[in-house]
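**Student:**
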Amino acid sequence: MTPREVVEYAKANGAKMVDLKFIDLPGLWQHFSVPMSEVSESALEDGYGFDGSSIRGWQAINLSDMLVIPDPNTATMDPFTEVPTLTMICNVLDPITRERYSRDPRHIAQKAEAFLNSTGIADTAYFGPELEFFVFDEIRFDFRENCGYYFIDSIEGRWNSGREEHPNLGYKPGYKEGYFPVPPSDTLQDIRTEMVLTLEKVGIAIEAQHHEVATAGQCEIDMRFSPLTQMADKVMWYKYIIKNVARRHKKTATFMPKPIFNDNGTGMHVHQSLWKHGQPLFPGNDYAGMSKTGLYYIGGILHHAPALCGLVAPTTNSYKRLVPGFEAPVNLAYSSRNRSAGVRIPMYFTNPKAKRIEVRFPDGSCNPYLAFAAMLMAGLDGVENKIDPGDPLDKDIYELGPEELKDVPSVPGSLDAALAALERDHDFLMKGDVFTKDALDTWLYFKRRREIDEVRLRPHPYEFALYFDV
């Protein structure tokens, strides 16, 4: 759409308000709204001002004025507002120079796509994330100087199998036994269907929805692949819709990687492929029907995986998911079909256009713009430098003994270690000025000071069980 077409679209749909969405550095949508009286073709081109100092990871207060410029191609009607509201995703600019803001994650994603084109390797990178999430009936948590706790509840939770529910009708999926059950064990079928229909309403194509492995309402809804920035936009819409549909039903949804102890965590496996002039570049005659380009792309992902974890598994909670025994890909190897490998080559279809790789260690706590851009840059580095991924590992990695495992690298064991890897290995991200030094330094500082230190400074409840009687 053009700005003029956006105004016409808004009027045709009876919009009374226009909501402007943009993303902060950690990965949450922010927004403000203006009445239709403030919306015109020129206003959409000139942009709208806001205070950038109040946004996480952004400007200092003495440099706080910033602009958002709505992207007219993202215009759609918000499916949740009571008053008809047009919404758009925005790019962020400096109001004086009108240059794009280097810490705007959407800008970083767009620069990654531009860099891809500049290499001549490919002209399109397709991404297809598989986002998992939990839908709970209740979540309570608090943290003070003298206490700290969380409490999760779900009608599906296995821990409620003996609860008096007047009556308790059973059908509580067991731990690690929640994959693909039909109702009544799957209590969320209709809610997920409503989520699917709402996603389709805003233009997001959906392939399937189902209950996932964990008890207590773990779900997955799969989107059809799209180019990098478009897919990151869709991930933000996905989270917005999942959370708001759940809330409409007096439930709450979370993309937290590991909310439940002793059951599977929630990941975001990311399918990826490169195309040029409408043709896929990954099919070939090598292992698992891959081309040299595809294998080198895998080589780049595996080579830079520890650093990537600082962006694609970017929370302290991520590393409670990335542990052995819960179908989490802790080992940095690749394989066809084998889901215990960090990178998998899906073998569902023989059509060359379906040939792709699946990176399995990311999770939904990431900023999708930064995560997708970083994985593309790692893969391209592999292609440009012909990084050999080594031999595939087609055995079940979880069943290997210590002697066989000693030469298989693994993901970092903590966010601290992942950020240290990113600090050591980031030159590949800075090619083409995709990630600037300022953006990376800000990310590292924010994650260490606002997350790692904040968790490290607080006593953990389980420490009292371990150490109170020392």
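Residue numbers (this note's numbering): 44 to 513.
Beta carbons: idealized from backbone N, C-alpha and C, even for Gly.
Here the structure is a predicted model, which means the values were calculated and not measured.
Under a three-way DSSP split, which group does residue 202 fall into?
**Tutor:** In this structure, residue 202 counts as helix in the three-state DSSP scheme.
**Student:** Within 10 Å of its beta-carbon, does residue 217 have 16 or more other beta-carbons around it, so buried, or fewer, so exposed?
**Tutor:** Flag for residue 217 reads exposed.
**Student:** Using only CA atoms, which one of 286, 392, 86 lies nearest to residue 114?
**Tutor:** Out of 286, 392, 86, 86 has the C-alpha closest to the C-alpha of residue 114.
**Student:** How about residue 248: is its Cβ closer than 6 Å to a heavy atom in the ligand ADP?
**Tutor:** Judged by which ligands are present, the structure shown has none, so any question about the ligand ADP falls away.
**Student:** Is the segment 259-275 close to the segment 148-165, with three or more CB pairs under 8 Å?
**Tutor:** Touching, yes, given that three or more Cβ pairs across the two stretches are closer than 8 Å.
**Student:** Can you list, in chain order, the residues of its chain with a C-beta nearer than 6 Å to that of residue 234? Leave out the 5 residues immediately preceding and following it.
**Tutor:** Only 292 meet the Cβ criterion.
**Student:** Where does residue 418 fall in DSSP's three states?
**Tutor:** Helix, per DSSP.
**Student:** Could you please give the first and the last residue of the uninterrupted alpha helix (DSSP H) stretch that includes residue 506?
**Tutor:** Taken as a continuous stretch (DSSP letters only), the alpha helix (DSSP H) holding residue 506 covers 504-510.
**Student:** Please report the residue range of the alpha helix (DSSP H) in which residue 9 lies.
**Tutor:** Residue 9 lies beyond the range of the chain shown here (44 to 513); nothing can be said about it.
**Student:** Which residue from 65, 99, 95, 58 puts its Cα closest to that of residue 81?
**Tutor:** Among 65, 99, 95, 58, the Cα nearest to that of residue 81 belongs to 58.
**Student:** Can you give the Cα-Cα distance for residue 432 and residue 316, rounded to whole angstroms?
**Tutor:** If I take the Cα positions, the gap works out to 16 Å.
**Student:** Starting from residue 400 and walking both ways along the beta strand (DSSP E), at which residues does that stretch end?
**Tutor:** Element bounds for residue 400: 400-402.
**Student:** Taking DSSP as the reference, what is the three-state secondary structure of residue 337?
**Tutor:** Residue 337: helix per DSSP, three-state reduction.
**Student:** Measure the alpha-carbon distance for residue 124 versus residue 236 and round it to whole angstroms.
**Tutor:** Those two C-alpha atoms are separated by around 20 Å.
**Student:** Beta strand (DSSP E) containing residue 6: first to last residue?
**Tutor:** This structure does not reach residue 6, given that the chain is present from 44 up to 513, and the question cannot be answered.
**Student:** Count the other CB atoms, across all protein chains shown, that sit within 10 Å of the CB of residue 390; report buried if there are 16 or more and exposed otherwise.
**Tutor:** Result: exposed.
**Student:** Let's see if you can read the secondary structure: which residues bound the beta strand (DSSP E) around residue 280?
**Tutor:** Here residue 280 belongs to no beta strand (DSSP E); instead the alpha helix (DSSP H) covers 271-291.
**Student:** Taking 8 Å as the cut-off, does the segment 291-309 touch the segment 404-417 (at least 3 CB pairs, one atom from each stretch)?
**Tutor:** Contact between the segment 404-417 and the segment 291-309 is present, because at least three Cβ pairs lie under 8 Å.
**Student:** Taking the continuous alpha helix (DSSP H) assigned at residue 352, which residues delimit it?
**Tutor:** Where residue 352 is concerned, the enclosing alpha helix (DSSP H) stretches over 348-355.
**Student:** Taking a contact to mean a Cβ-Cβ separation below 7 Å, would you say residue 122 touches residue 295 in this structure?
**Tutor:** No; because the gap between Cβ atoms is not below 7 Å, this pair is not in contact.
**Student:** Would residue 52 and residue 155 be called neighbours here (beta carbons separated by less than 7 Å)?
**Tutor:** Cβ distance not < 7 Å, so residue 52 and residue 155 don't count as in contact.
**Student:** Do you know how far the Cα of residue 360 is from the Cα of residue 61?
**Tutor:** Cα to Cα, residue 61 sits roughly 35 Å from residue 360.
**Student:** Alpha carbon to alpha carbon, what distance is there between residue 348 and residue 313?
**Tutor:** If you take the alpha carbons of residue 313 and residue 348, they lie about 14 Å apart.
**Student:** Between residue 396 and residue 337, what straight-line distance do the alpha-carbon atoms span, to the nearest angstrom?
**Tutor:** Taking the straight line from one Cα to the other gives about 13 Å.
**Student:** Counting contacts by CB-CB distance shorter than 7 Å, is residue 84 in contact with chain D?
**Tutor:** No chain D is part of this structure, which consists of one protein chain only.
**Student:** Ignore the nearest five residues each way along the sequence and tell me which others in residue 429's own chain have a CB closer than 7 Å to its CB.
**Tutor:** Cβ within range, chain order: 339.
**Student:** Under the three-state reduction of DSSP, which class applies to residue 318: helix, strand or coil?
**Tutor:** Strand at residue 318.
**Student:** Do residue 376 and residue 324 have their C-beta atoms within less than 7 Å of each other?
**Tutor:** Against a cut-off of 7 Å, the Cβ pair of residue 324 and residue 376 comes out as no contact.
**Student:** What's the C-alpha gap between residue 328 and residue 343?
**Tutor:** One C-alpha to the other measures close to 20 Å.
**Student:** Would you report the Cα separation of residue 75 and residue 135, rounded to the nearest angstrom?
**Tutor:** The alpha-carbon atoms of residue 75 and residue 135 are separated by roughly 14 Å.
**Student:** Rounded to whole angstroms, how far is the Cβ of residue 421 from the Cβ of residue 351, which I believe are closer than 8 Å?
**Tutor:** About 6 Å separates the two Cβ atoms, so the contact holds.
**Student:** Which residues in the same chain as residue 20 place their Cβ atom closer than 6 Å to its Cβ, once the five residues preceding and following it in sequence are excluded?
**Tutor:** Here the chain has residues from 44 to 513 only, and residue 20 is not among them.
**Student:** So does the segment 483-493 actually touch the segment 448-465, counting three or more Cβ pairs closer than 8 Å?
**Tutor:** With a cut-off of 8 Å, the segment 448-465 and the segment 483-493 count as touching, because enough Cβ pairs lie within range.
**Student:** Do you know offhand how far residue 366's Cα is from residue 290's?
**Tutor:** Each residue's Cα considered, the two are about 31 Å apart.
**Student:** Is the beta carbon of residue 159 closer than 7 Å to that of residue 152?
**Tutor:** Not a contact, by the Cβ cut-off of 7 Å.
**Student:** Tell me the DSSP bridge mates of residue 232?
**Tutor:** None; residue 232 has no bridge partner.
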